[in-house]
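Counting from 1, one number per residue, gives the positions in the sequence shown under the UniProt record's numbering.
Inspection log for the structure reproduced underneath, given as structure tokens.
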Amino acid sequence: MGDAEMECFGPAAVFLRKPERERIEAQNTPFDAKTAYFVTEPKEMYLKGVLQSREGGKATVKTFCGQTITVKDDAIHPMNPPKYDKIEDMAMMTHLNEPTVLYNLKERYAAWMIYTYSGLFCVTVNPYKWLPVYDAAVVNAYRGKKRIEAPPHIFSISDNAYQFMLTGIKQFARY
Numbered sequence: 001m002g003d004a005e006m007e008c009f010g011p012a013a014v015f016l017r018k019p020e021r022e023r024i025e026a027q028n029t030p031f032d033a034k035t036a037y038f039v040t041e042p043k044e045m046y047l048k049g050v051l052q053s054r055e056g057g058k059a060t061v062k063t064f065c066g067q068t069i070t071v072k073d074d075a076i077h078p079m080n081p082p083k084y085d086k087i088e089d090m091a092m093m094t095h096l097n098e099p100t101v102l103y104n105l106k107e108r109y110a111a112w113m114i115y116t117y118s119g120l121f122c123v124t125v126n127p128y129k130w131l132p133v134y135d136a137a138v139v140n141a142y143r144g145k146k147r148i149e150a151p152p153h154i155f156s157i158s159d160n161a162y163q164f165m166l167t168g169i170k171q172f173a174r175y
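Next up, the structure:
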């Protein structure tokens with residue numbers, strides 16, 4: 001669903017899916033899977049960085065903010081390529097670990113995209129403010145769509161449950 005198809009969501013579109021331009025930029029961002037890691041850090045919890053060396057059970061990572069951190073080997077975690085930043089379903093990530101999940105939720109929250117799927121579950125982060133994602137236009141935009149046809153939202157979950165219920169009633173009525 002590109003930007004044109006997202007118009008049916010009205011002003012809520014920017015709170016539901018990252019723009020096509022941003023998706024294209026992320027796909028074209030250089031990425032080295034062999035050296036891209038999250039490293040544990042007491043203040044921030046995890047920082048993105050580039051693996052400098054790994055020896056004797058220790059790993060040295062240079063963070064994107066210029067800090068060099070040496071930790072135990074098990075305190076670094078592989079990062080996902082930038083195309084997975086703000087991904088709508090975290091089950092699709094190449095690397096599914098604590099820092100990648102937290103980073104994705106943080107990035108989506110920073111863009112006010114409060115709904116994210118994790119496999120079968122819809123994860124919601126409370127924005128502590130009103131967002132225009134609950135009006136009639138948004139309800140109508142989700143009506144009758146399969147979960148994969150629209151961005152994550154509680155309306156998608158509820159409409160899918162309703163559609164399955166109707167399908168079940170129709171199938172039961174045949175007997």
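Here a beta-carbon is modelled for each residue, glycine too, at the ideal position from N, C-alpha and C.
Less than 7 Å between the C-beta atoms of M92 and Y37, yes or no? One-based indexing of the sequence shown puts residue 92 at position 92. One-based indexing of the sequence shown puts residue 37 at position 37. Not closer than 7 Å, so no.
Please classify M113: is it buried, with 16 or more other beta-carbons within 10 angstroms of its beta-carbon, or exposed? The residue you call residue 113 lines up with position 113 of the sequence shown. Burial call: buried.
Just mark M165 as buried or exposed, buried being the case when its beta carbon has 16 or more other beta carbons within 10 Å. Along the sequence shown, one-based indexing puts residue 165 at 165. Result: exposed.
Distance, R147 Cα to T167 Cα: The residue given as residue 167 occupies position 167 in the sequence shown. The residue given as residue 147 occupies position 147 in the sequence shown. Those two C-alpha atoms are separated by around 16 Å.
To the nearest angstrom, how far is it from the Cα of R54 to the Cα of T68? The residue labelled residue 54 in the question sits at position 54 within the sequence shown. The residue labelled residue 68 in the question sits at position 68 within the sequence shown. Taking the straight line from one Cα to the other gives about 13 Å.
Using a Cβ-Cβ cutoff of less than 7 Å, which residues in the same chain neighbour K72 once the five nearest sequence positions on both sides are dropped? Locating residue 72 in the sequence shown gives position 72, where the first residue counts as 1. The answer, listed in chain order, is G57 and K58.
Can you give me the C-alpha to C-alpha distance between C8 and T94, rounded to a whole angstrom? On the sequence shown, position 8 is the one that residue 8 refers to. On the sequence shown, position 94 is the one that residue 94 refers to. Near 31 Å, if we compare the C-alpha coordinates of T94 and C8.
Note down, one range per segment and in chain order, each beta strand (DSSP E) of at least 3 residues found wholly within the UniProt domain "Myosin motor" (85-175). 115-118 and 121-124
Which residue or residues does DSSP assign as beta-bridge partners of M45? In the sequence shown, residue 45 corresponds to position 45, counting from 1. The partner list for M45 (beta bridge, DSSP) reads E41.
Among P127, T124 and S156, nearest to V138 - alpha-carbon criterion: Reading the sequence shown from its first residue, position 138 is the one you call residue 138. Closest by alpha carbon: S156.
Can you name the start and end residues of the alpha helix (DSSP H) that A26 belongs to? Along the sequence shown, read from residue 1 onward, the residue named residue 26 stands at position 26. Where A26 is concerned, the enclosing alpha helix (DSSP H) stretches over E20 to Q27.
Look at the Cβ atom of G2, then the Cβ atom of E20, and state whether they are nearer than 7 Å. Indexing the sequence shown from 1 puts residue 2 at position 2. Indexing the sequence shown from 1 puts residue 20 at position 20. In contact: G2 and E20 (Cβ atoms closer than 7 Å).
Using 10 angstroms around the beta-carbon of L16, count the other beta-carbons present and answer buried if the total reaches 16, otherwise exposed. Numbered from its first residue, the sequence shown carries residue 16 at position 16. Buried, by the Cβ-count rule.
Simplified DSSP assignment, three categories, for K34: Position 34 of the sequence shown, counting from 1, holds the residue named residue 34. Three-state result, K34: coil.
Starting from the C-beta of A12, find all residues in its chain whose C-beta is less than 6 Å away, skip the five residues before and the five after it, and write them out in chain order. Position 12 of the sequence shown, counted from the start, is the residue given in the question as residue 12. Cβ neighbours of A12 beyond the five flanking positions: P132, V133 and V138.
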